[in-house]
Amino acid sequence: MIKINKLKKNYENKKIFNDFNMNIEPNSITCILGPSGVGKTTLFNIISGLTDFESGEIEGIDKKDISYLFQEPRLIPWLSVYENIEIILKNVYLEKKRRQVINYYLKIVDLEDCANQKPKELSGGMKQRLSIARTFAYPSTLLLMDEPFQGLDIKLKNIIIESFLKLWKEDNRTVIFITHDIDEALKIADQIYIIQDKPVKISQVEHIVDDHSSRDIFSSKYLKIREKITKILSD
Amino acid sequence: MKISTIKNNQNRIVGILLWLILWQLAYWIINEDIYFPSPISVASSMLSLILNYDSYIIIASTTLRVLISFSISAVLGISLGYICGINKKVYEIFEPLIIIVRSTPIISIIIIAIIWFKTSNVPIFTGVLMCFPIIFSNMLEGIKNTDRKLLEMCKLYNVKRLEIFKKVYFKSSLPYLSAGFSTALGISWKVIAAAEALSFPKYGIGTMLIDSKNFLQVSNLLAWTVIIIILSYLFEFFSKKLFSRIEG
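Top line first, the protein sequences correspond to chains A and B.
Going by my numbering, the first residue of the first sequence is number -2, and it counts up by one from there.
Going by my numbering, the first residue of the second sequence is number 61, and it counts up by one from there.
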């Protein structure tokens, strides 16, 4: 269990987090849903160690054991698709194992034929898939995903969500995932934390028990959850 | 693309011919061969230099000095530029030194070097002091302009420092380094010839320039000058080729 206890973080004299508490279930997908600018990315940066915080405790996380799927793919332009994954694994696996891991993840996201291409030769969706493959290829126990499907058209978004779920089912690692898209949250999350205001507070926690493959987010059950979340966010 | 390249080359050849004709016309008007030689007499001086074995020793000596001073400048400039780029405190320590070196007149550096070093090493020292700040500044600029988001990603995945230097910082600095190398190489030939002319080593193009002046062999002086221009151009050309190959 990952526990965030009494987290305090200020930015430009404003309290972003003040005694913020949150528990994350291991081996599940937790979604943090909230309006833009509320502090979701700041929370990720704190968890991953990229940003300092004033006080509080974060338990159950080893900083060296985190993968981060950023909002933008953050691919190194002059490295090939293969090398973009290889650079983060050089420190982790020996060459033979590394090659196996990279090829395995490239295959899952349908990019094995593009291994030698440079990011500029890939489409937006392919870049995002590569970024997802890189995130999963790193042997972490916690995966942070910051609005990874933002700006993609519906068809592409569904393909990438499928790729993501396919990868996730392989190892069931703990995922925390930020979005402000309710549909995305309903499709992917096992629990949804709705956060609002400054300092940030949790307004509601929704648990979804259905398996990902059997979810019909346009069924009446999900429409009710969507309405509830929309109401909370509009209040 | 090919047509435009041919046309550009044609224009260049026409340009060179035009300036040579103007030079010849000026020669006819001035009519003082001893002060203002014709392009033909410069070409004939060049030919006799090319046919003379000693010229190659002289050219090799100056080229070696350029290579040594440039290599030292490159190693120092790249490594210090990198360290200063990632560490503000180190940059603040080195900044005054760089400003002083950059602002010091070249003649002062040459005279100081004449006092401190053997004559054959004066041009190397001068070359380093002139080229190092250029490569340093360009490397520093490259490091400062490296995409922070990529660095953050590498930090998060615990990528080793050497790997970050090779795969992120260095590659991202290449366009800046390429420009710095071109400028520094151009300056290097000029500075080293000037330092040779003042320090007078046994072999050196600068020494030959002063010799030509002392014996009033202006066509020889211009022939050596043309050799410097050609060598400087060739070095810049190969440097650009090298960088475009590394950049892929």
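From the three backbone atoms N, C-alpha and C, an ideal C-beta is built for every residue, glycine too.
Are residue i and residue j closer than 9 Å when you measure CB to CB?
| i | j | result |
| --- | --- | --- |
| B:Glu256 | B:Leu269 | yes |
| B:Ala254 | B:Thr186 | yes |
| B:Leu222 | B:Gly202 | no |
| B:Pro156 | B:Ser259 | no |
| B:Ser105 | B:Asn274 | no |
| A:Ile105 | A:Glu144 | no |
| B:Lys227 | A:Leu127 | no |
| A:Phe50 | A:Ile58 | no |
| B:Asn218 | A:Lys94 | no |
| A:Ile157 | A:Gly122 | yes |
| A:Leu149 | A:Val172 | no |
| A:Tyr79 | A:Leu103 | yes |
| A:Tyr100 | A:Glu92 | Note on residue identity: the sequence assigns Asn, not Tyr, to residue 100 of chain A. Not in contact: A:Asn100 and A:Glu92 (Cβ atoms no closer than 9 Å). |
| A:Leu230 | A:Ile191 | yes |
| B:Leu276 | B:Ile94 | yes |
| A:Gln188 | A:Glu56 | no |
| B:Ile146 | B:Tyr229 | yes |
Which same chain residues, not among the five before or five after residue i, have their C-beta less than 6 Å away from its C-beta?
| i | result |
| --- | --- |
| A:Glu224 | none |
| B:Ile143 | Val150 |
| A:Lys198 | none |
| A:Thr39 | Ile13 |
| A:Asn113 | Ser77 |
Using CA atoms only, rank isn't needed, just tell me which of the options is closest to residue i.
| i | options | result |
| --- | --- | --- |
| A:Thr27 | A:Ile205, A:Leu220, A:Asp107 and A:Ile43 | A:Ile205 |
| B:Gly141 | B:Ser197, B:Leu109, B:Ile160 and B:Arg208 | B:Ser197 |
| B:Thr206 | B:Leu200, B:Val251, B:Leu291 and B:Ser232 | B:Ser232 |
| A:Ile85 | A:Pro136, A:Val106 and A:Tyr101 | A:Pro136 |
| B:Ile194 | B:Lys220, B:Ile247, B:Gly145 and B:Ile170 | B:Ile247 |
| A:Asn169 | A:Ile179, A:Ile185 and A:Ile157 | A:Ile185 |
| A:Leu30 | A:Glu203, A:Gln68, A:Asp213 and A:Asn81 | A:Glu203 |
| B:Ile287 | B:Phe298, B:Thr122, B:Ser133 and B:Ile132 | B:Thr122 |
| B:Met190 | B:Lys250, B:Phe96 and B:Ile118 | B:Lys250 |
| A:Leu72 | A:Ile229, A:Thr176, A:Pro116 and A:Met142 | A:Pro116 |
| A:Asn155 | A:Phe174, A:Trp165 and A:Asp180 | A:Asp180 |
| A:Thr176 | A:Glu9, A:Lys37 and A:Asp208 | A:Lys37 |
| B:Ser292 | B:Ile118, B:Leu77 and B:Val126 | B:Val126 |
| A:Glu54 | A:Lys3, A:Glu22, A:Asn10 and A:Glu9 | A:Lys3 |
| B:Gly240 | B:Ile160, B:Ser133 and B:Gly145 | B:Ser133 |
| B:Leu136 | B:Glu152, B:Ile90 and B:Ile158 | B:Ile158 |
| B:Phe295 | B:Tyr229, B:Leu124, B:Lys67 and B:Tyr113 | B:Leu124 |
Within 10 Å of its beta-carbon, does residue i have 16 or more other beta-carbons around it, so buried, or fewer, so exposed?
| i | result |
| --- | --- |
| A:Asn24 | exposed |
| A:Pro74 | exposed |
| B:Tyr116 | exposed |
| A:Phe215 | exposed |
| A:Tyr65 | buried |
| B:Arg208 | exposed |
| A:Ser52 | exposed |
| B:Arg72 | exposed |
| B:Trp176 | exposed |
| A:Asp160 | The sequence shown places Ser at residue 160 of chain A, not Asp. Counting Cβ neighbours within 10 Å, A:Ser160 comes out buried, since at least 16 surround it. |
| B:Glu307 | exposed |
| B:Gln70 | exposed |
| A:Met(-2) | exposed |
| B:Ile289 | exposed |
| B:Val188 | buried |
| A:Thr227 | exposed |
| B:Lys215 | exposed |
| A:Ser45 | buried |
Short of 8 Å in beta carbon distance, which residues of its chain neighbour residue i, apart from the five on each side in sequence? Order them along the chain.
| i | result |
| --- | --- |
| B:Pro99 | Leu80, Trp83, Gln84 and Tyr87 |
Per DSSP, which one or two residues make a beta bridge with residue i?
| i | result |
| --- | --- |
| A:Cys28 | A:Phe174 and A:Ile189 |
| A:Met142 | A:Leu66 and A:Phe174 |
| A:Asn7 | A:Lys12 |
| A:His204 | A:Gln188 |
| A:Lys0 | A:Asn20 and A:Glu56 |
| A:Ile199 | A:Ile192 |
Tell me which residues share the same chain as residue i and place their Cβ nearer than 7 Å to its Cβ, disregarding the 5 neighbours each side in the sequence.
| i | result |
| --- | --- |
| B:Ser304 | none |
| A:Asn15 | Lys5 and Pro196 |
| B:Met283 | Before going on, a small fix: residue 283 of chain B reads as Ala here, not Met. Closer than 7 Å at the Cβ level, and outside the excluded window around B:Ala283, lie Val102, Ser105, Met106 and Leu109. |
| B:Lys148 | none |
| A:Phe67 | Asp143 |
| A:Lys163 | Ile105 |
| A:Ala134 | Ile82, Leu86, Val98, Ile99 and Tyr102 |
Between residue i and the ligand ADP, is there a pair consisting of the residue's CB and a ligand heavy atom that are separated by less than 8 Å?
| i | result |
| --- | --- |
| B:Gly187 | Questions concerning the ligand ADP fall outside what the structure shown contains, since it holds no ligand whatsoever. |
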